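Chains A and B supply the protein sequences, listed in that same order. Mapping to UniProt numbering: the first sequence position 2 is 2, numbers consecutive. Mapping to UniProt numbering: the second sequence position 24 is 24, numbers consecutive. Below: one structure, written as structure tokens.
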Amino acid sequence: MALNILELPLEMVAEVVKHVDYNGLLSLRRTCTIMKELAEAEAGQIAAIKRIIFNDHPAQNSFQLTLYNSKPPLFLLRFSDITKRWTYGRIQHFNFEIPNDQYLEFLPQFREILPTCVIETFKFASKKELYISLFESFLDGLTITEKCLSGYCYYNDKDWDLAYETIKRLQFNTAQLGVHQYVRHGDKMVLADVVDGLILTRDYHEHIKEPASLAVSILARRCFHLELECSWLSEVDVNEAVHKLPQLGKKTYLFTRLSKGVPRKNFTVGTMNVLLDITDSTGEMEIWHDGMRRRDRS
Amino acid sequence: MVLITLVSSDEQNFPVERELLKQSGTIETLIVNMNLDDEDTDAAAMPIPLPNVKGDVLEKVIQWMEHHKGDPVKEGDNEDNNAEIVVPQWDDDFFKPAMYGSKHLELTVAASYLDIKNLLTLSCKAISNTFKGKTGPQIREEWGVPNEFTPEEEEAIRKENEWSE
């Protein structure tokens with residue numbers, strides 16, 4: 001006659017559950033209350049979340065969760081909330097459509113079932129006080145490697161002040177923002193004092209003047225990782241950046257595009273390593289100083 | 001060869017090679033603390049009572065330790081890789097006859113009590129392997145777990161699992 005596995009001491013049953021794979025954990029949830037609780041606790045421990053994105057834009061799915069497929073956590077979200085699910089390689093994506101008035105209820109529930117695992121990236125795109133305030137408590141206590149304020153609608157001084165305040169309140173360490181002409185002025189670059197990484201994209205089809213000076217002034221502050229997509233650099237700009245960046249005396253990384261140039265690959269200028277890949281009239285360029293090389297915009 | 005006698009809960013004596021017992025943290029601590037290692041003292045002849053382990057289980061434990069003599073003893077937990085641990089063929093055969101029975105569970109409890117980390121790990125892994133490809137109700141049946149869920153609760157859990165299955 002079979003012996004009830006639950007006659008083992010609880011810590012022993014937990015020890016067994018530690019060895020169970022994801023599908024096994026799902027099955028264990030359906031055996032009994034104790035197994036269900038142990039499986040859920042264990043699922044939390046093996047979880048890895050690649051990305052959580054929140055966007056309050058009405059035309060987009062407001063909440064997107066991206067999980068590693070190899071060791072997905074056991075999330076018990078309402079199935080009806082998922083509007084789209086797809087797998088790309090090892091990654092699973094889930095979109096949730098949660099009506100704005102339900103966020104007050106949804107976020108605390110979601111926070112409760114979040115396992116105590118590292119979340120690689122959290123991206124937040126909203127200027128609304130309601131969401132800033134909600135996510136302030138949501139993020140409290142979570143371990144997130146990259147916390148990014150993301151948005152393309154910071155058009156004026158007031159918006160940029162709000163971006164600055166939001167970054168400080170939610171303790172973001174990166175920002176990805178659309179650049180308006182105001183931004184080129186030094187006082188707005190105070191953002192570079194509160195983040196490690198900055199991605200500046202282009203608004204209004206307007207190129208920033210003196211982009212090399214802008215890059216150097218940004219990297220002279222706390223920020224050491226800059227992706228300058230708001231303006232393409234000429235070879236004159238490149239030369240300026242290449243000569244000024246080493247003078248900052250710290251590791252820096254600059255990713256940008258060249259407006260034109262002769263097709264070519266890697267080369268070295270002084271102490272700078274420059275990866276240049278120009279095809280036809282435009283090309284991508286990475287400049288990194290003192291061994292730093294990081295580029296992950298997935 | 002130094003032999004140390006282990007006494008099971010049902011009073012059976014098992015003379016065991018001293019070297020083998022290094023795999024058991026519990027017995028090793030006892031031997032060191034009680035100076036059972038010293039052949040010049042009376043203590044060496046003293047049997048070690050194991051009131052929590054029955055004779056047939058202890059016999060299996062000793063059989064396992066004999067096969068794994070000289071294996072490096074696992075240090076601490078390595079939880080990250082638990083799901084990827086592979087049970088070697090010999091151990092698989094060793095656990096199989098006792099699968100779904102009290103023997104395997106008692107063996108697992110004994111491994112924990114005697115602090116034989118490698119045996120505990122492999123035993124737990126062998127149990128968890130039996131869950132593979134099984135549904136909740138099948139696991140319940142095989143491991144004698146009573147069904148305490150109401151039909152409504154079962155349906156709710158099924159729905160919760162639905163999106164991730």
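Built from N, CA and C at the ideal position, the CB exists for glycine as well. In this text the structure is predicted, and so the values were computed from the model without any measurement.
Which one of the options has the shortest CA to CA distance from residue i?
{"i": "N13 of chain B", "options": "B:I157, B:E106, B:E59 and B:D93", "result": "B:E59"}
{"i": "C148 of chain A", "options": "A:L65, A:I53, A:E210 and A:L228", "result": "A:I53"}
{"i": "G197 of chain A", "options": "A:E210, A:K209, A:A215 and A:I208", "result": "A:A215"}
{"i": "E210 of chain A", "options": "A:K84, A:C230 and A:D237", "result": "A:D237"}
{"i": "T32 of chain A", "options": "B:E142, B:E155, B:E17 and B:G136", "result": "Inspection of the sequence shows that residue 32 of chain A is occupied by Cys rather than by Thr. Among B:E142, B:E155, B:E17 and B:G136, the Cα nearest to that of C32 of chain A is on B:G136."}
{"i": "I139 of chain B", "options": "A:R30, A:H93 and A:E284", "result": "A:R30"}
{"i": "A4 of chain A", "options": "B:Q63, B:S112, B:A111 and B:E142", "result": "The displayed chain sequence assigns Asn, not Ala, to residue 4 of chain A. When each option's Cα is compared against that of N4 of chain A, the closest is B:E142."}
{"i": "E129 of chain A", "options": "A:E37, A:R111, A:W288 and A:L104", "result": "A:L104"}
{"i": "residue 253 of chain B", "options": "B:K54, B:S128, B:W90 and B:V16", "result": "Lying before the first or after the last residue shown, residue 253 of chain B is absent from chain B, which here runs from 1 to 165."}
{"i": "T130 of chain B", "options": "A:N23, A:D157, A:N273 and A:N239", "result": "A:N23"}
{"i": "E19 of chain B", "options": "B:E153, B:I157, B:V57 and B:V73", "result": "B:V73"}
{"i": "L65 of chain A", "options": "A:K123, A:M35, A:K158 and A:F172", "result": "A:K123"}
{"i": "L119 of chain B", "options": "B:K132, B:H104 and B:G133", "result": "B:H104"}
{"i": "A192 of chain A", "options": "A:Y164, A:R169 and A:L170", "result": "A:Y164"}
{"i": "G249 of chain A", "options": "A:L219, A:S231, A:F255 and A:N239", "result": "A:L219"}
Compute the beta-carbon to beta-carbon distance between residue i and residue j, rounded to the nearest angstrom, for a pair I have assumed lies under 8 Å.
{"i": "A241 of chain A", "j": "A212 of chain A", "result": "4 Å"}
{"i": "L36 of chain B", "j": "I85 of chain B", "result": "L36 of chain B to I85 of chain B, Cβ: 33 Å. No contact."}
{"i": "A126 of chain B", "j": "V87 of chain B", "result": "5 Å"}
{"i": "S217 of chain A", "j": "S234 of chain A", "result": "About 18 Å separates the two Cβ atoms, so there is no contact after all."}
{"i": "L114 of chain B", "j": "S24 of chain B", "result": "4 Å"}
{"i": "E229 of chain A", "j": "T201 of chain A", "result": "5 Å"}
{"i": "I167 of chain A", "j": "V190 of chain A", "result": "10 Å between Cβ atoms; not a contact."}
Please state the DSSP three-state secondary structure of residue i.
{"i": "Q176 of chain A", "result": "strand"}
{"i": "E37 of chain A", "result": "helix"}
{"i": "R297 of chain A", "result": "Annotation note: pLDDT 45 at R297 of chain A (below 50); position unreliable, coordinate value reported separately. R297 of chain A falls in the coil class under three-state DSSP."}
{"i": "Q12 of chain B", "result": "coil"}
{"i": "S150 of chain A", "result": "strand"}
{"i": "H225 of chain A", "result": "strand"}
{"i": "I62 of chain B", "result": "helix"}
{"i": "E155 of chain B", "result": "helix"}
{"i": "H19 of chain A", "result": "coil"}
{"i": "P49 of chain B", "result": "strand"}
{"i": "H243 of chain A", "result": "helix"}
{"i": "W232 of chain A", "result": "strand"}
{"i": "T135 of chain B", "result": "coil"}
{"i": "T29 of chain B", "result": "helix"}
{"i": "T145 of chain A", "result": "strand"}
{"i": "N118 of chain B", "result": "helix"}
{"i": "V109 of chain B", "result": "helix"}
{"i": "S24 of chain B", "result": "coil"}
{"i": "P9 of chain A", "result": "coil"}
{"i": "V73 of chain B", "result": "coil"}
{"i": "G24 of chain A", "result": "helix"}
{"i": "L248 of chain A", "result": "helix"}
{"i": "A220 of chain A", "result": "coil"}
{"i": "V87 of chain B", "result": "coil"}
{"i": "G144 of chain B", "result": "coil"}
{"i": "I132 of chain A", "result": "helix"}
{"i": "K209 of chain A", "result": "coil"}
{"i": "S137 of chain A", "result": "helix"}
{"i": "M34 of chain B", "result": "coil"}
{"i": "R30 of chain A", "result": "coil"}
{"i": "F94 of chain B", "result": "helix"}
{"i": "K54 of chain B", "result": "coil"}
Per DSSP, what are the beta-bridge partners of residue i in this structure?
{"i": "I287 of chain A", "result": "A:L254 and A:V274"}
{"i": "I53 of chain A", "result": "A:Q64 and A:K123"}
{"i": "H67 of chain B", "result": "None; H67 of chain B has no bridge partner."}
{"i": "G197 of chain A", "result": "A:T174 and A:H225"}
{"i": "P127 of chain B", "result": "According to the sequence as given, residue 127 of chain B is Ile; it is not Pro. Paired residues: none, contrary to the question."}
{"i": "L6 of chain B", "result": "B:F14 and B:I48"}
{"i": "V118 of chain A", "result": "A:T143"}
Is there a Cβ of chain E sitting closer than 7 Å to that of residue i, yes or no?
{"i": "E15 of chain A", "result": "Checking the listed chains, one finds no chain E in this structure; the protein chains it contains are A and B."}
Quick one: is the Cβ of residue i within less than 6 Å of any heavy atom of the ligand COA?
{"i": "Q247 of chain A", "result": "Looking at this structure, you won't find the ligand COA or any other ligand, since it has none at all."}
By the 9 Å beta-carbon criterion, what residues does the stretch 132 to 148 of chain B contribute toward chain A? Those residues of the stretch 132 to 148 of chain B that come within reach of chain A (Cβ to Cβ, closer than 9 Å) are K132, G133, K134, T135, G136, P137, Q138, I139, R140, E141, E142, W143, G144, V145, P146, N147 and E148.
Below 9 Å between beta carbons is the criterion; list the residues of the stretch 12 to 31 of chain B that meet it against any residue of chain A, in chain order. Across the stretch 12 to 31 of chain B, no CB contact with chain A closer than 9 Å is found for any residue.
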